[in-house]
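Sequential numbering from 1 applies to the sequence shown in this note's numbering. We put the beta carbon where it would ideally sit given N, CA and C, even for glycine. Quantities reported herein were computed from a predicted structural model and do not represent experimental measurements. So the structure is just underneath, and the comments pick up after that.
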Amino acid sequence: MKKALKDFDFKNKKVLVRVDFNVPLDGDQVTDDTRIEAALPTIRFLMNEDAKVILMSHLGRPGGKVVKEYKLDPVADRLADLLGKEVYKTDESIGREVEEAIEKMDDGDVLLLENTRFHPGEKGNDPEYAKALAGLADVFVNDAFGAAHRAHASTTGVAEHLPAIAGFLIQRELEALGRATDNPEKPYTAIIGGAKVSDKMDVIKNIIPRADYLLLGGGIANTFLLAKGLEVGDSLVEEDRVELAKEIMDEAAVKGIEVILPEDVVVAKEFKADSEYKVVDVKQVPKGWQILDSGGPKTLEKYKDIIKKSKTVTWNGPIGVFEMDQFAKGTMELAKALAESDAYSVVGGGESAAAIKKAGVESDISHVSTGGGASLQFFEGKPLPGIEALDDLEE
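Structure below.
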């Protein structure tokens, strides 16, 4: 158990808060403020506690130098709109300008530092940069679940120099993901999609001992179909992972877990939006065609039935190329089935979260994780450096 906001007195304290404001921008406009909104409960709590709130975040991959399009000014403007309060902004993340701005802050004020990845020491967890950041404040709060799998100066380095506490978002993520994976209510169904078996291998291995059903889709399912001796045409597969897929199916069979593969799929002649396409049985994928949606009608019916009788469902990775409408049906229908089910549902991974948003069912899912890589690492059963660095709550 990590120390939480309620375990500390923030009154009149300078609080350095790592948030995840890695949001999409179009010029000087934030096009999706989901991650900013996710940080609001922690920010508002600290404001109400009369703390001086100093926020830091990365944005994009500027490579340790100043890149104009990755400056956080549009983020500060959007945050000010959401808070209904002025948000001060510096042009650096450390140094005299920052120190002077902090000295001018009143209790309850909010200041956003410039993009931490403009500093060459951020990604390498440079101890001097971490120490300089820590020197700005009395206490550190990490609320950036989206960066919790990174051991950077602003996530783990700072925590070595200050009391380090979990924000509300991190707490919520850990509770939700933990409930779904540590001791899930049965039957537990894991839906795993995406392009490559290699990307999700550790997730599958970690989930197998706990799951009752493993529903596979996307390029991952193609590799498993190949492992069962089926022809998949020109579909995306990883031939070097076929033996691994066989081992997984054997292990699942020994443990009484059902690995469910597509029965019918949507195939296309070419990987493009205006390609000719049709639904075929998985045993009849034509030569030269490729599977672009694992969700044919029979497959979806079967997957929906399993979701309906499940008490816990986790979903990581789309089951088709959902960015193209004619290959989105499987992923969209799964999203709707998950939203309509009574199961405790957790969606992790950036693409799956985007699919849930596209389907318009976000509010009907128990938990949609804000961390793509972080939630994937959690599902793999691996520690998250940004969480490990926080102070433990003394029993």
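Counting along the chain, Ile356 sits inside no beta strand (DSSP E); it lies in the alpha helix (DSSP H) bounded by residues 350 to 359.
Annotation: Lys298 to Asp264 spans about 6 Å, alpha carbon to alpha carbon.
Annotation: Asp234 to Gly317 spans about 21 Å, alpha carbon to alpha carbon.
The three-state reading of DSSP puts Met324 in coil, since its state is none of H, G, I, E or B. Cβ contact annotation for Lys278 (same chain, cutoff 7 Å, sequence separation greater than five): Val267, in chain order. About 5 Å separates the Cβ atoms of Ser310 and Ala343, confirming a contact at the 8 Å cut-off. DSSP places Met332 in no beta strand (DSSP E) but in the uninterrupted alpha helix (DSSP H) bounded by 329 to 340. By the CB criterion at 9 Å, Thr42 and Ala389 fall outside the cutoff.
By the neighbour-count definition (other C-beta atoms within 10 Å, threshold 16), Gln29 is an exposed residue. Here the C-alpha atom of Val368 lies approximately 36 Å from the C-alpha atom of Glu128.
In this structure the stretch 136 to 156 touches the stretch 56 to 65; the number of beta carbon pairs closer than 8 Å is three or more. Taken in chain order, the complete alpha helix (DSSP H) segments of 4 residues or longer contained in the stretch 370 to 395 are 372 to 379, 385 to 388.
Considering only Ser375, Leu376, Glu362, Val259, the residue with the shortest C-alpha distance to Thr34 is Glu362.
Distance check between Ser345 and each of Glu301, Asn142, Leu300, Ala176 places Ala176 closest, using alpha-carbon atoms only.
Using a 10 angstroms sphere on the CB of Lys11, the tally of other CB atoms stays under 16, which defines it as exposed. Beta-bridge partners of Leu16 (DSSP): Ile54, Phe140. Using a C-beta cut-off of 8 Å, the stretch 13 to 28 makes contact with the stretch 132 to 142, since at least three inter-stretch Cβ pairs fall below that distance. The beta carbon of Pro62 sits closer than 7 Å to the beta carbons of Tyr70, Asn115, Arg117, Phe118 from its chain, once the five residues preceding and following it are set aside; these are given in chain order. Val203 sits away from Thr223, with the two beta carbons spaced by 9 Å or more. The beta carbons of Gly218 and Trp315 sit no closer together than 9 Å. Contact between Asp391 and Ile207 does not hold, since the beta-carbon distance rounds to 30 Å and is not under 8 Å.
Asp293: member of the beta strand (DSSP E) spanning 290 to 293, first to last residue. Proximity to Glu380 across Asp81, Val66, Gly178, Leu334 peaks at Gly178, based on C-alpha coordinates. Put simply, of Ala245, Ser275, Asp281, Ser198 the residue whose alpha carbon is nearest the alpha carbon of Val232 is Asp281.
Looking at the DSSP output, Glu258 bridges to Tyr213. One Cα belongs to Glu270, the other to Ala355, and the distance between them is close to 22 Å. With a minimum length of 4 residues, the unbroken runs of alpha helix (DSSP H) contained wholly in the stretch 198 to 243 fall at 218 to 227. Here DSSP, grouped into helix, strand and coil, assigns Leu111 to strand. The secondary-structure analysis by DSSP pairs Ala164 across a beta bridge with Phe140. As DSSP reads the structure, Thr312 sits in a beta bridge with Tyr188, Tyr344. Linking Phe45 to Asp107 through their CA atoms gives a straight-line distance of about 12 Å. Nearest Cα to Phe21 within the set Ala180, Asn142, Ser275: Asn142. Bounds of the alpha helix (DSSP H) holding Tyr129 are 127 to 134. Taking 9 Å as the cut-off, the Cβ atoms of Glu160 and Ala132 do not count as close. Under DSSP, Ala268 forms a beta bridge with Tyr277, Gln290. If you check the CB distance, Leu113 and Val87 do not come in under 9 Å.
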